[in-house]
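Count along the sequence shown starting at 1, add 49, and that's the number in the numbering used here. We put the CB at the ideal spot given by N, CA and C, even for glycine. Keep in mind that this is a model prediction, so the values were computed, not measured. Down below is the structure, laid out as C-alpha cells.
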Amino acid sequence: MTWSDALFSQDVILEKVLLFFILVISISIHEWAHAFCADKLGDPLPRKEGRVTLDPMVHIDLLGTIIIPLIVIFLSPGFAILGWGKPVRVSLPNHKTRSRDDILITLAGPFSNLCLAFFAILGFGVLAQFLHLSDSLLHLLSIIVNLNCLLFLFNLLPIPPLDGSHLLKRAVGMSDSTFIKFSRYGFFLLLVLINVEAFTTFFYQTLTLLTAQFFGFFALILG
50 MTWSDALFSQ DVILEKVLLF FILVISISIH EWAHAFCADK LGDPLPRKEG
100 RVTLDPMVHI DLLGTIIIPL IVIFLSPGFA ILGWGKPVRV SLPNHKTRSR
150 DDILITLAGP FSNLCLAFFA ILGFGVLAQF LHLSDSLLHL LSIIVNLNCL
200 LFLFNLLPIP PLDGSHLLKR AVGMSDSTFI KFSRYGFFLL LVLINVEAFT
250 TFFYQTLTLL TAQFFGFFAL ILG
C-alpha cells in the first residue's frame with residue numbers, strides 16, 4: 050500500500066470526516082463561550098449580533114473553520130489541526146473593568162475546550178461503568194480529548210487572530226492601533242511558527258503532558 054492509498058483509505062477518510070465535524074463543534078462551542086461570557090459581563094454586542102448561541106452556522110469562518118481544516122486534515126498525515134472560528138466582536142462598555150472583562154472573555158474560549166475534554170472523559174467514564182467501551186468509542190474519546198487540548202494550547206499562542214494575542218495586548222499594554230498593525234501579519238507569523246521544528250516539538254510535548262492528565266483521570270474513574 051502506497052502513502053496515498055493509506056491516506057485515502059475508507060477507514061481513514063471516515064476518521065478524518067469525524068475529526069472535521071468534532072472540530073467544527075468544538076470551535077463553535079469555543080466561540081459561544083466568548084459570547085456567553087461577554088453577555089454575562091454586560092456587553093450587549095455579542096447578543097445583538099446573534100453570537101450567544103450554540104448554532105455552528107453562526108460561528109463558522111469560511112477560511113479558518115472550513116477551508117484550512119479540510120486541507121490540513123485530508124492532506125496532512127498524522128494528527129495535525131489548524132483552525133479557528135469567526136471572531137466574537139465585543140464592545141467592552143464598562144471602562145472601569147475593560148481590561149479584566151477582555152481577559153475573562155478571552156480565556157472563556159480556551160477554557161471551554163478544556164471543559165469539553167473533561168466532560169468527555171467524565172461521560173465516557175460513567176458510560177464505562179455500565180457497558181464495555183469498544184475500541185471505536187475509545188478512539189472517539191481520544192479524538193475529542195486530543196483535539197480540544199490542542200485547541201486550548203493553540204489558541205493561547207500570542208499571535209492574531211488567536212486568543213493569546215489579546216492576552217499579550219493586555220499584558221504589555223499594547224495600544225489598539227499597534228494591535229491592529231500587528232494583526233495584519235498574524236496569519237503569516239502563524240504559518241512560519243508552525244513550520245519551525247523546535248516549536249512543533251515543544252508544542253506536541255506540552256500537548257502530550259496535558260492529555261496525559263485527562264487520560265490519567267479516566268483511568269482513575271475506571272478504577
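Reduced DSSP category for residue i - H, G, I as helix; E, B as strand; rest coil
{"i": "residue 133", "result": "coil"}
{"i": "residue 56", "result": "Because residue 56 sits at a pLDDT of 48, beneath the cut-off of 50, its placement in the model cannot be relied upon, and the following sentence gives the value as read from the coordinates. Of the three classes helix, strand and coil, the one that applies to residue 56 here is helix, per DSSP."}
{"i": "residue 96", "result": "helix"}
{"i": "residue 219", "result": "helix"}
{"i": "residue 61", "result": "helix"}
{"i": "residue 204", "result": "helix"}
{"i": "residue 179", "result": "coil"}
{"i": "residue 105", "result": "helix"}
{"i": "residue 187", "result": "helix"}
{"i": "residue 118", "result": "helix"}
{"i": "residue 194", "result": "helix"}
{"i": "residue 73", "result": "helix"}
{"i": "residue 91", "result": "coil"}
{"i": "residue 140", "result": "coil"}
Residue i versus the options, residue with shortest Cα-Cα distance
{"i": "residue 163", "options": "78, 225, 99 and 268", "result": "78"}
{"i": "residue 98", "options": "137, 83 and 64", "result": "137"}
{"i": "residue 207", "options": "196, 197, 199 and 220", "result": "220"}
{"i": "residue 93", "options": "140, 252 and 133", "result": "140"}
{"i": "residue 209", "options": "182, 101, 272 and 133", "result": "133"}
{"i": "residue 233", "options": "211, 245, 143 and 168", "result": "211"}
{"i": "residue 160", "options": "181, 264 and 199", "result": "199"}
{"i": "residue 80", "options": "185, 154 and 61", "result": "154"}
{"i": "residue 225", "options": "148, 178, 255 and 253", "result": "148"}
{"i": "residue 107", "options": "66, 247, 74 and 131", "result": "74"}
{"i": "residue 113", "options": "69, 187, 150 and 252", "result": "69"}
{"i": "residue 272", "options": "142, 86, 177 and 88", "result": "177"}
{"i": "residue 66", "options": "146, 263 and 124", "result": "124"}
{"i": "residue 101", "options": "84, 238, 111 and 268", "result": "84"}
{"i": "residue 89", "options": "239, 142 and 105", "result": "142"}
{"i": "residue 91", "options": "119, 173 and 151", "result": "151"}
{"i": "residue 119", "options": "215, 64, 231 and 146", "result": "64"}
Element boundaries [alpha helix (DSSP H), containing residue i]
{"i": "residue 150", "result": "147-176"}
{"i": "residue 235", "result": "235-242"}
{"i": "residue 265", "result": "246-271"}
{"i": "residue 110", "result": "Careful: residue 110 lies outside any alpha helix (DSSP H) and carries neither H nor E."}
{"i": "residue 209", "result": "Careful: residue 209 lies outside any alpha helix (DSSP H) and carries neither H nor E."}
{"i": "residue 226", "result": "225-232"}
Integer Cβ distance of residue i from residue j, believed to fall under 8 Å
{"i": "residue 196", "j": "residue 109", "result": "Contact flag wrong, Cβ pair sits at about 17 Å."}
{"i": "residue 275", "j": "residue 157", "result": "Examination of residue 275 is not possible in this model, given that the chain is present from 50 through 272 alone."}
{"i": "residue 256", "j": "residue 202", "result": "6 Å"}
{"i": "residue 121", "j": "residue 115", "result": "With a Cβ gap of about 11 Å, residue 121 and residue 115 do not count as contacting."}
{"i": "residue 248", "j": "residue 242", "result": "5 Å"}
{"i": "residue 82", "j": "residue 95", "result": "Going by Cβ atoms, the distance from residue 82 to residue 95 rounds to 11 Å, so no, they are not a contact pair."}
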